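Enquirer: Quick one: structure below, then a few questions.
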Amino acid sequence: MTYIVALTGGIASGKSTVEKLFARLGVPIVDADIIARQVVEKGTVALQKITEHFGDGILHTDGSLNRAKLRTIIFSHEAERLWLNQLLHPIIQQETLRQFEQIKAPYLLWVNPLLIENNLQFCANRVLLIDVKPEIQISRLKNRDNITEDLAKNMISSQASNTVRRLHADDIIENNYSTEELTALVNTLHAKYLELSTNYND
604 MTYIVALTGG IASGKSTVEK LFARLGVPIV DADIIARQVV EKGTVALQKI
654 TEHFGDGILH TDGSLNRAKL RTIIFSHEAE RLWLNQLLHP IIQQETLRQF
704 EQIKAPYLLW VNPLLIENNL QFCANRVLLI DVKPEIQISR LKNRDNITED
754 LAKNMISSQA SNTVRRLHAD DIIENNYSTE ELTALVNTLH AKYLELSTNY
804 ND
């Protein structure tokens, strides 16, 4: 199987920026967030179960999932967040493995915000952590999603702490670099991962 580098980090830590830099280098990407959206599209079994659990009010008028409403519920009620995670986690994992098997490349980048929370770090050959100061995280999240500070803090607190993530990380990017510095750092990591993957596949 292809060498797997897992990219993780807290919400609004800058994972998307780093993901794009790796993609520009031709690295195949498997993104857990994209898969999570796909498995709850209209007509899926997962969306049907979500609707049965939360009621039709969780849908837009066109029958698609109202993600903003669902987000408010699950980050305000721990039991509901756990219920949703138990429903979606196996479905997402199945699709993730399917995508892994289709990729033929020296290594792939597996973007997974909840890697540590779901104890999936052991499914990767290497873990790359994007770290950011909590105050920057809160500010970015409020501006990006147009939400209150309380909701932003709830969303952040529902994830593993930076301290816990660091225990499982092989490489760490402190996301306070300029675009040029970040690009150079990703280029260095890319060369490193190519070397590691060559040794892995020999």
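Just so we're on the same page, this note's numbering is the position in the sequence shown counted from 1, plus 603.
Ideal placement from N, C-alpha and C gives every residue a C-beta, glycine not left out.
What you are looking at is a predicted structure, and each value in this text was computed from that prediction instead of being measured.
Alpha carbon to alpha carbon, how far is V578 from H692?
Expert: Since the first residue of the chain shown is 604 and the last is 805, residue 578 is not available in this structure.
Enquirer: Can you list, in chain order, the residues of its chain with a C-beta nearer than 8 Å to that of W686? Leave out the 5 residues immediately preceding and following it.
Expert: For W686, same chain residues with a beta-carbon under 8 Å away, outside a window of 5 residues either side, are H656 in chain order.
Enquirer: Would E622 be called buried (16 or more neighbouring beta carbons within 10 Å of its own) or exposed?
Expert: buried
Enquirer: Going by CA-CA distance only, name the one from T801, T791, E683 and L788 that's closest to N728.
Expert: T801
Enquirer: Tell me, please, which residues DSSP counts as bridged to E777.
Expert: D734
Enquirer: Can you look up A794 in the DSSP assignment and give me helix, strand or coil?
Expert: helix
Enquirer: Going straight from the alpha carbon of S666 to that of N688, what length do you get?
Expert: The amino acid occupying residue 666 in the given sequence is Gly; Ser does not appear at that position. For G666 and N688, the distance between alpha carbons rounds to 21 Å.
Enquirer: Among all the DSSP beta bridges, which residues are the ones paired with T611?
Expert: L732
Enquirer: What is the residue span of the alpha helix (DSSP H) that D636 lies within?
Expert: A635 to Q641
Enquirer: In three-state terms, what does DSSP make of L673?
Expert: Collapsing the DSSP output to three states places L673 in a helix.
Enquirer: Within 8 Å, do at least three Cβ pairs link the segment 732-748 to the segment 627-644?
Expert: no
Enquirer: For the structure I just gave you, are there three or more beta carbon pairs, one from the segment 608-626 and one from the segment 642-653, closer than 8 Å?
Expert: Here the segment 608-626 does not lie against the segment 642-653, with fewer than 3 beta-carbon pairs under 8 Å apart.
Enquirer: DSSP on V789, reduced to helix/strand/coil?
Expert: helix
Enquirer: Pull up the DSSP beta-bridge partners for V714, would you.
Expert: DSSP output for V714 lists L610 and D634 as bridge partner(s).
Enquirer: How many whole angstroms separate the CB atoms of V767 and I695, which I take to be in contact at a CB cut-off of 8 Å?
Expert: That pair is no contact at about 21 Å.
Enquirer: I'd like to confirm the pairing. Which residues does DSSP put opposite L668 in its beta bridges?
Expert: Looking at the DSSP assignment, L668 forms a beta bridge with L662.
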